[in-house]
Amino acid sequence: MFKTIMSKPTTNDITIKGAMTIAILAALTGCQTLPSAETKKPTSTVDSNPLTAAMPAVDRQGHIAYVEEQGLGSAKVSTLYSIRPDGSDRQLIDQITGYIYAPAWSADGQLLAYSKQAPREHPKIYIYDKSSKTRNLVVNVEGSNMSASFSPDGQHLLYSSTVGGNADIYEMRLSDGNTRQLTTLLSTEVQPSYAADGKSFVYTSDKVRAGRPSIYRYTFTTGNATLIPTGGYAASPQLSADGQRMAYLNGRKAAVMTLATGQVTNLAETGLDEPARLSPSGSYAVYPTRHSQISGQVGGQSLGSQKGGDLVIDSLSGNTSYAINSQNGGIVRSPAWGR
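Residue numbers (the working numbering): 1 to 339.
Below, the structure is given as structure tokens:
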């Protein structure tokens, strides 16, 4: 189904200039912690767990993909996992000595796209098929190939690449690898994410001021992009399925904006320069934190205080907040919640 495309080499890497140094999150108030789940743990708790029982079925029966990092420099090992929102059924999808970036689910939750970078190589984009448990290399052009996003019908893939010498956004037809370039500015255009109707996508650009990224919406019919006002440093957008909310990185905070009113809910300073990501229903958000120490009880059993990276799940109505511990005490990054 997938075809690898090749092009002329370049050595540029995608960056958003002026990335902020973010303070470590010391504590999360009013949260509960789920125990670390064993790989392939039975999933019978998904519907009965008190922290997830109130979720819409599309959320609680879905999967959250995320990356766990251990080690530093050339010894860094990145592992891509999938886990249920109640902390069960943790499954290893991929692992590399190097980096894994920005997993993103297809609309039906069957495919997962992500970037993988081995030492002294450029980031390449792969697609994992959950049913067959196979991985396919789909973007292997020289430069940085990042931030993949599936079209709603699963036929196309947006991503950013420096193959042309500058960070721009491309769209690939997955059936044959045919690719077209959508942005051509001299500035940095990265982190594209389709709207659920497939008529537009949101992305990050620093075209107004280098090192001060903002969020734009590109409309396919016109080929034009308009600014989404955020009032400051904003990056890594994702739209809800109904198009009413946008999760993103608001300066130092994982945040969600109601687009009609511009109201922003700042969820937390993650300590990782990481955005929030919305659940399939748009009613919950997930984000990673670094070195949090959270105590809580699940099913009457005290879990004590645990260190390491966590996935934090927040109800946007304010009713529930809890954390899922990392598998091996590593740094947790880039969660994506799919069906």
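Think of the CB as a built atom: it goes at the ideal place given N, C-alpha and C, for glycine as much as any other residue.
From this set, the options, which residue's C-alpha is nearest residue i's C-alpha?
i	options	result
leucine 112	Ile331, Ile127 and Tyr99	Ile127
glutamine 327	Thr320, Leu311 and Asn319	Leu311
glycine 232	Val286, Ala210 and Asn224	Ala210
leucine 272	Thr261, Thr45, Val332 and Ala255	Val332
serine 149	Gly164, Ile228, Ala104 and His122	Ala104
glutamine 91	Ala57, Tyr66 and Tyr114	Tyr66
arginine 180	Glu189, Thr188 and Tyr170	Tyr170
serine 160	Thr97, Lys253, Val139 and Trp337	Val139
serine 315	Gly338, Gly309, Val141 and Ser279	Ser279
proline 213	Ala196, Leu239 and Tyr248	Tyr248
serine 82	Ile96, Gln95 and Ile64	Ile64
isoleucine 96	Pro50, Ala75, Ser236 and Gln110	Ala75
valine 141	Tyr218, Ala167, Arg135 and Lys133	Ala167
In three-state terms, what does DSSP make of residue i?
i	result
alanine 57	helix
alanine 118	coil
alanine 260	coil
alanine 75	helix
tyrosine 187	The question names tyrosine, yet the displayed sequence has serine at residue 187. Coil at serine 187, not helix or strand.
proline 288	strand
isoleucine 294	Its pLDDT being 46, under 50, isoleucine 294 is placed unreliably in this model, and the coordinates cannot settle the point.
serine 321	strand
phenylalanine 220	coil
glutamate 171	strand
alanine 241	coil
tyrosine 203	strand
glycine 232	coil
asparagine 178	coil
alanine 336	strand
leucine 316	coil
glutamate 69	strand
leucine 51	coil
Check whether the Cβ atoms of residue i and residue j sit closer than 9 angstroms, and answer yes or no.
i	j	result
proline 192	leucine 137	no
tyrosine 216	serine 205	yes
leucine 182	lysine 207	no
serine 78	lysine 124	no
proline 85	aspartate 108	no
isoleucine 228	valine 202	yes
tyrosine 340	threonine 261	An answer regarding residue 340 cannot be provided, because it is not within the stretch 1 to 339 covered by the chain.
glycine 223	alanine 234	no
isoleucine 313	alanine 268	no
arginine 277	glutamine 238	yes
Rounding to the nearest angstrom, what Cα-Cα distance links residue i and residue j in this structure?
i	j	result
alanine 54	glycine 318	13 angstroms
valine 298	threonine 226	Note that valine 298 scores 32 on pLDDT, short of 50, meaning its location in the model is unreliable; the coordinates nonetheless yield the value given after this. Each residue's Cα considered, the two are about 46 angstroms apart.
proline 152	lysine 199	10 angstroms
threonine 289	proline 275	10 angstroms
serine 88	tyrosine 322	14 angstroms
glycine 71	isoleucine 100	14 angstroms
glutamine 155	serine 175	7 angstroms
threonine 230	alanine 255	11 angstroms
threonine 221	glutamate 69	40 angstroms
threonine 320	aspartate 129	32 angstroms
isoleucine 93	proline 335	14 angstroms
methionine 146	alanine 241	22 angstroms
histidine 122	glycine 73	16 angstroms
glycine 143	glycine 98	16 angstroms
valine 190	tryptophan 337	20 angstroms
glycine 165	arginine 173	22 angstroms
serine 283	arginine 339	14 angstroms
methionine 257	serine 281	15 angstroms
threonine 188	leucine 80	27 angstroms
glycine 330	glycine 309	6 angstroms
isoleucine 324	methionine 246	23 angstroms
serine 162	alanine 118	Strictly speaking, residue 162 in this sequence is threonine, with serine absent from that position. Using only the alpha carbons, I get a separation of about 17 angstroms.
serine 302	serine 236	Here the model assigns serine 302 a pLDDT of 31, short of 50, so the residue's position is not dependable, and the following value carries that caveat. About 36 angstroms.
proline 56	leucine 259	22 angstroms
Any Cβ of chain C within less than 9 angstroms of the Cβ of residue i?
i	result
glycine 318	The question asks about chain C, but that chain is absent: this structure has only one protein chain.
Which runs of the beta strand (DSSP E), 3 residues or longer, sit entirely within the stretch 83-164? The stretch 83-164 contains these whole beta strand (DSSP E) runs: 91-97, 99-105, 111-117, 124-129, 134-139, 145-150 and 156-161.
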